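J.: Before we start, here is the structure in question, set down as structure tokens.
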Amino acid sequence: MPKGEPFKIKMVEPIRLIPREDREAAIKAAHYNPFLLRSSDVYIDLLTDSGTGAMSQFQWSAMMLGDESYAGASSYYRLKEAVTDITGYEYVLPTHQGRGAEKSAFAQLITRPGMYVLSNMFFDTTRGHVQLAGGRPIDLLLDVPTEEYHPFKGNMDTARLEAFIQEHGAENIACIVMTVTNNSAGGQPVSMANIRETSRIARKYGILLLFDVARYAENCHFIRMREEGYADKAPIDIAREMFSYGDGLMMSAKKDALVNIGGLLAFKDEELYTRVGGTVVPFEGFLTYGGLAGRDLEAMAVGLREALDPDYLAYRVGQVEYLGNLLRSAGIPIQWPVGGHAVFIDAAKFLPHIPWDQFPGHALTVALYQEGGVRTVEVGSLVMGRDPETGENVRSPFEFTRLAIPRRVYTNLHLEDVAETVINAFQKREQIRGVKFTREPKVLRHFTAHFDLV
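Residue numbers (our numbering): 4 to 457.
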């Protein structure tokens, strides 16, 4: 495999680092919420890897083939062919992005209030859509300390999974969601053995198993690198085996389909496709476009295959590991080993003087922007929200600050700037203050909340 990037750069976008006093004014004007910053005030943007990547020349050229017919567009059938080839699922529904897929699916799967949805760990919008549909999301992640090595820290705790089903009854469980890779746990992969065992339990109790596959290709790469028996298998063959254990998928295509907008639903079963499709039509668009232009469908069809290229995956995961090694060698506490799309700083250890309910992960996002113009995001108790029954903040098992790296966008020199920013903030960590709400939305609060420093 090549040592460097498996591509040449054809177009560039200017960025600039504004002065420190301007950064401090900008984050204050944004109510200490990095989501509310203007992108022009950000130097290196690691807020998310969702829709922020660079498309290839093959994707851009494919967009010219876009069939903008309202129904039955040829672009849909090219997308369907790619999805079915990779997953084996015959019934494919595009959506405008991942949250459109989640909303459409859970609206049909959660058939009465209070039903459980079980997962190795939910991310923010998935958790939010379970709750909006009247369900109760339950995380059953394998428990491993952040700085302790484990090759598959994203795994489902299958003993707890089966115990939960036995205690609460399969009839009270809408579905099981297997997230690959596991974003909230630090972008950590899930092993094929764990997927296989989760599938066995789901079949035993007659429960639907869906994959949340925003980063499916990265997960396949980790299986290839770390799991016995897969070293000589191509990523696409690993993907086909993985999908064979499930009943369907939800996907934000803005990650491992390498596009700037788009999402997917796909199922083995026609009846499930028909049920969920009945929600897609009023919320997203007709079954064959799902809120997307034909050109977006074309780019997605190409990107799904490009993401499985072994050289691309080695570069992609290797770049994240490069940043992780820079931070770890400087004594920064991170989730180790690093995941596929981001480095997750253990903010609770970075800022031990800030209590969990003053959101150390978010406090660190503010400090990193002030220090070096780097925009990041909290993945911890702020994202978890409040218990809908008690109104109390839910404490996350992790207080992370996530540095999500866009695909094919930044060079390693940019990442060295990021590392320098984090190290400088670490040296001043005792000066970093916690945050408190001045405005708190009820759902997905971290996107639009206002804060002040404590």
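Idealized CB from N, CA, C, for every residue including glycine.
Quick caveat, the model's predicted, so the values are computed rather than measured.
From L316 to R229, what distance separates their C-alpha atoms?
T.: 14 Å
J.: Could you name each continuous alpha helix (DSSP H) segment of 4 residues or more that falls completely within the segment 15-68, going from the start of the chain to the end?
T.: 23-32, 60-66
J.: Pull the bridge partners of K439 from the DSSP assignment, please.
T.: Residue pairing for K439: DSSP places it in a beta bridge opposite D455.
J.: Are N186 and V193 touching if we call contact CB-CB under 8 Å?
T.: no
J.: Using 8 Å as the threshold, is the C-beta distance between Y292 and D259 below it?
T.: no
J.: Would the segment 59-67 count as touching the segment 266-276 if we require 3 or more Cβ pairs under 8 Å?
T.: no
J.: Less than 8 Å between the beta carbons of M253 and L213, yes or no?
T.: yes
J.: Could you check if N123 is buried or exposed, using at least 16 other CB atoms within 10 Å of its CB as the buried criterion?
T.: It is buried - the Cβ of N123 has at least 16 other Cβ atoms within 10 Å.
J.: Inspect the CB distances between the segment 358-366 and the segment 338-346 and report whether three or more fall short of 8 Å.
T.: no
J.: Who are the Cβ neighbours of R411 in its own chain at under 6 Å, not counting the five residues just before and after it?
T.: G56, A57
J.: Assuming I435 contacts L354 (C-beta within less than 8 Å), just tell me the rounded distance between them.
T.: 6 Å
J.: Tell me, to the nearest whole angstrom, how far the beta carbon of T98 is from that of S107; I am working on the premise that it is less than 8 Å.
T.: 6 Å
J.: Within the same chain, show all residues whose beta-carbon is closer than 6 Å to that of I168, passing over the 5 residues directly before and after it, in chain order.
T.: Y208
J.: Spatial neighbours of Y152 within its chain, please: C-beta separation below 8 Å, excluding the five flanking residues on both sides.
T.: W339, P340
J.: Quick check for students: name the residue ranges of the alpha helix (DSSP H) that lie wholly in the segment 155-215, counting only runs of 4 or more.
T.: 161-171, 195-208
J.: Can you give me the Cβ contacts of P238 inside the same chain, cut-off strictly under 7 Å, excluding the 5 residues immediately before and after it?
T.: A220, C223, H224, R227, L311, P313, L316
J.: Suppose the cutoff is 7 Å on Cβ atoms and the five residues either side in sequence are ignored; what does the same chain contact list for G388 look like?
T.: V397, R448
J.: State the start and end residues of the unbroken alpha helix (DSSP H) segment that holds T368.
T.: 363-375
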